[in-house]
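Scroll down for the structure; my scribbles are underneath it.
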Amino acid sequence: MQSGFDWAILAPELTLAGFALLALLMEGLFWPRRSAVNLGYLSLLGCLVALSLALIEWTEEGSEQGLNGIFLADPYSTFFDILLLCITIFSLLLALQHLPHSDRDRGEYYPLFLLGTLGMMAAVGAGDLVLLFVGLELTSLCLYVLVGTEWRLQSANEASLKQLISGMLGTGLLIYGIGLIYGETGSTGLRDLEIHLREIDAREWGLLLPGLGLVLAGLAVKVGIAPFHMWAPDVYQGTPAPVTAFLLLGPKLVGGAVLGRLLLYGLASLEEVWMPVLWGLSAASMVGGYLLALNQRNLKRVLAYAGVSQSGFALLGLVAANESGLTGMLFHLVACALANVGAIAALVICYRNEEGAELGDFRGLGSRHPWLALGVALSMIGLAGLPPTAGFMGRVLLLGAALEGGYLGLVLLASLGCLLGFYVHLRVVISMYMQAADADQTPAVILAPEALVALLLAVLGTVGLGLWPSSLLDVARAALIAIM
Numbered sequence: 000m001q002s003g004f005d006w007a008i009l010a011p012e013l014t015l016a017g018f019a020l021l022a023l024l025m026e027g028l029f030w031p032r033r034s035a036v037n038l039g040y041l042s043l044l045g046c047l048v049a050l051s052l053a054l055i056e057w058t059e060e061g062s063e064q065g066l067n068g069i070f071l072a073d074p075y076s077t078f079f080d081i082l083l084l085c086i087t088i089f090s091l092l093l094a095l096q097h098l099p100h101s102d103r104d105r106g107e108y109y110p111l112f113l114l115g116t117l118g119m120m121a122a123v124g125a126g127d128l129v130l131l132f133v134g135l136e137l138t139s140l141c142l143y144v145l146v147g148t149e150w151r152l153q154s155a156n157e158a159s160l161k162q163l164i165s166g167m168l169g170t171g172l173l174i175y176g177i178g179l180i181y182g183e184t185g186s187t188g189l190r191d192l193e194i195h196l197r198e199i200d201a202r203e204w205g206l207l208l209p210g211l212g213l214v215l216a217g218l219a220v221k222v223g224i225a226p227f228h229m230w231a232p233d234v235y236q237g238t239p240a241p242v243t244a245f246l247l248l249g250p251k252l253v254g255g256a257v258l259g260r261l262l263l264y265g266l267a268s269l270e271e272v273w274m275p276v277l278w279g280l281s282a283a284s285m286v287g288g289y290l291l292a293l294n295q296r297n298l299k300r301v302l303a304y305a306g307v308s309q310s311g312f313a314l315l316g317l318v319a320a321n322e323s324g325l326t327g328m329l330f331h332l333v334a335c336a337l338a339n340v341g342a343i344a345a346l347v348i349c350y351r352n353e354e355g356a357e358l359g360d361f362r363g364l365g366s367r368h369p370w371l372a373l374g375v376a377l378s379m380i381g382l383a384g385l386p387p388t389a390g391f392m393g394r395v396l397l398l399g400a401a402l403e404g405g406y407l408g409l410v411l412l413a414s415l416g417c418l419l420g421f422y423v424h425l426r427v428v429i430s431m432y433m434q435a436a437d438a439d440q441t442p443a444v445i446l447a448p449e450a451l452v453a454l455l456l457a458v459l460g461t462v463g464l465g466l467w468p469s470s471l472l473d474v475a476r477a478a479l480i481a482i483m
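Next comes the structure, spelled out in structure tokens:
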């Protein structure tokens with residue numbers, strides 16, 4: 000551990016905070032409301048600068064700690080920092096099209112993306128449960144406001160209220176669990192917890208078990224893992240599409256990162272306790288999410304339930320708890336992020352109403368806009384986990400790791416989830432190419448450059464990583480060194 004604190008390890012986080020404060024200042028003092036879109040480009044610039052600094056951190060060898068181990072700047076946290084910044088960039092690109100079109104061009108909208116990302120980056124780098132809690136709550140506060148942006152709509156008010164209530168539930172469970180863990184061990188540092196657990200036997204775990212259970216439940220609520228996901232589809236449906244992208248992808252990346260560090264870095268000695276819990280959460284999510292998506296017609300609700308299943312597949316890697324499983328988990332998270340960005344970009348382009356497109360809105364898109372339809376189809380194929388996309392490689396890696404770990408029953412349930420996912424996602428492809436559009440229901444396709452760039456980059460990433468996965472696998476293995 001370093002004797003002094005090197006502020007350089009916080010360069011990406013400080014950059015985001017600085018640009019967010021600058022954007023809020025500019026919006027309040029200098030720029031008129033009609034120029035608020037300029038704040039979007041300023042926020043986008045801040046993300047690009049922070050991403051550049053995170054990439055520089057990645058190239059530097061070794062692991063650093065700050066604030067006496069409270070914050071960990073290591074390859075694992077930097078890997079997720081890069082992913083989160085990319086997701087925020089995609090979300091801002093979509094917001095630059097969607098918000099002016101929705102006639103609610105508010106300047107404070109854009110810096111909230113930066114502050115929410117800052118909270119997520121603090122959570123993935125947390126070496127202490129207190130910093131983890133603070134990071135998650137900063138993100139939650141930003142999401143409460145972002146979800147309620149379209150406050151004139153009843154669906155948006157309902158979504159905001161449900162997001163607030165579910166967030167408060169997750170917060171209560173999380174802080175109560177942290178309190179029990181602290182009361183039993185006298186520390187909230189992850190490394191201190193691991194040392195303490197090695198020095199005692201199972202008869203002395205005491206309040207650790209209920210504390211761990213509450214922490215896992217709180218994280219499951221925050222991320223939207225079954226069976227703690229019930230209001231997520233309602234929230235996503237009433238949320239602006241760019242916020243849906245941010246809300247759907249950011250917390251899931253954070254959930255994977257936090258669970259990996261918490262369970263494998265801090266609570267590895269309790270593996271026999273948390274492993275069956277993860278098994279159950281994974282099984283319920285993989286199958287339950289897609290089962291509930293079968294009868295959904297709204298694309299946002301479909302993506303919400305599919306996101307529950309994708310979280311379950313990610314948990315497969317943690318259940319396997321081997322190098323191939325954890326590598327597959329990171330690969331799967333990247334693949335799902337790219338495919339979901341493509342799907343939500345298509346939703347913004349095929350704009351119909353504030354609650355998002357219905358599946359029927361994509362009828363005949365293959366004949367009217369063939370190149371756009373191809374991008375949407377590849378995104379849906381990626382979400383379904385079919386070749387030649389990164390989603391297929393992620394599923395193969397996770398199923399192989401689970402088989403290697405001897406979890407045959409979980410693999411069978413995952414296979415059922417895959418079959419259900421094929422039907423759920425390929426319905427959109429069938430609508431585009433095999434069903435004719437009704438003249439009075441054909442939406443106005445908005446081919447704005449920002450959304451097209453997001454869709455193009457997402458599709459290129461989905462297909463590119465599916466055909467050449469080795470580069471991302473090498474990066475994932477390098478990131479995992481910090482927690483294995």
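Residue numbers (numbering that gives the first Met the number 0): 0 to 483. The beta-carbon is built from N, C-alpha and C at its ideal position, and this holds for glycine as well.
| Asked | Found |
| --- | --- |
| Residue 306 and residue 337 closer than 8 Å at C-beta | no |
| Alpha helix (DSSP H) runs wholly inside the stretch 270-331, at least 4 long, in chain order | 270-292 and 298-319 |
| Residue 360 to residue 416 span [Cα, whole Å] | 26 Å |
| Euclidean distance between Cα positions of residue 324 and residue 362 | 38 Å |
| Secondary structure of residue 107, DSSP reduced to three states | coil |
| C-alpha gap between residue 89 and residue 409, whole angstroms | 33 Å |
| Extent of the continuous alpha helix (DSSP H) to which residue 227 belongs | Element bounds for residue 227: n/a, residue is neither H nor E. |
| Reduced DSSP category for residue 182 - H, G, I as helix; E, B as strand; rest coil | helix |
| Simplified DSSP assignment, three categories, for residue 149 | coil |
| Environment of residue 110 [buried if 16+ CB atoms lie within 10 Å] | buried |
| Exposure of residue 18, with buried meaning 16 or more beta-carbon neighbours within 10 Å | buried |
| Three or more C-beta pairs below 8 Å linking the stretch 391-404 and the stretch 312-321 | yes |
| Under 8 Å between C-beta atoms of residue 75 and residue 372 | no |
| Under 8 Å between C-beta atoms of residue 107 and residue 23 | yes |
| Outcome for residue 153 when other beta-carbon atoms lying within 10 angstroms are tallied against a minimum of 16 | exposed |
| Among 210, 162 and 165, the one whose alpha carbon lies nearest that of residue 185 | 210 |
| Residue 388 to residue 297 span [Cα, whole Å] | 24 Å |
| Proximity winner among 255, 242 and 140, relative to residue 215 (alpha-carbon distances) | 255 |
| Neighbour-count burial assignment, residue 339, 16 or more Cβ in a 10 Å radius | buried |
| Whole-angstrom C-beta distance between residue 127 and residue 77, which should lie under 8 Å | With 8 Å as the limit, residue 77 and residue 127 do not qualify as a contact, their Cβ atoms being about 18 Å apart. |
| Short Cβ contact (8 Å threshold) for residue 300 with residue 189 | no |
| Inter-residue Cα distance where the pair is residue 117 and residue 258 | 18 Å |
| Beta bridge counterpart(s) of residue 127 as assigned by DSSP | 188 |
| C-beta atoms of residue 420 and residue 377 nearer than 8 Å | no |
| Start-to-end residues for the alpha helix (DSSP H) that takes in residue 478 | 469-479 |
| Residue range of the alpha helix (DSSP H) that includes residue 245 | 240-260 |
| Delimiting residues of the alpha helix (DSSP H) encompassing residue 53 | 36-58 |
| Inside the stretch 352-385 only - alpha helix (DSSP H) runs reaching at least 4 residues | 364-367 and 369-383 |
| Supposed contact pair residue 157 and residue 237 - C-beta distance, whole angstroms, cut 8 Å | 6 Å |
| Under 8 Å between C-beta atoms of residue 170 and residue 136 | yes |
| Buried or exposed by the 16-neighbour rule on C-beta atoms within 10 Å, applied to residue 139 | buried |
| In DSSP terms, what residue 112 is bridged to | None, per the DSSP bridge assignment. |
| Residues of its chain near residue 401, where Cβ-Cβ distance is below 6 Å and the 5 sequence neighbours each way are ignored | 315, 319, 409 and 410 |
| For residue 72, three-class secondary structure by DSSP | strand |
| Where the alpha helix (DSSP H) through residue 422 begins and ends | 407-433 |
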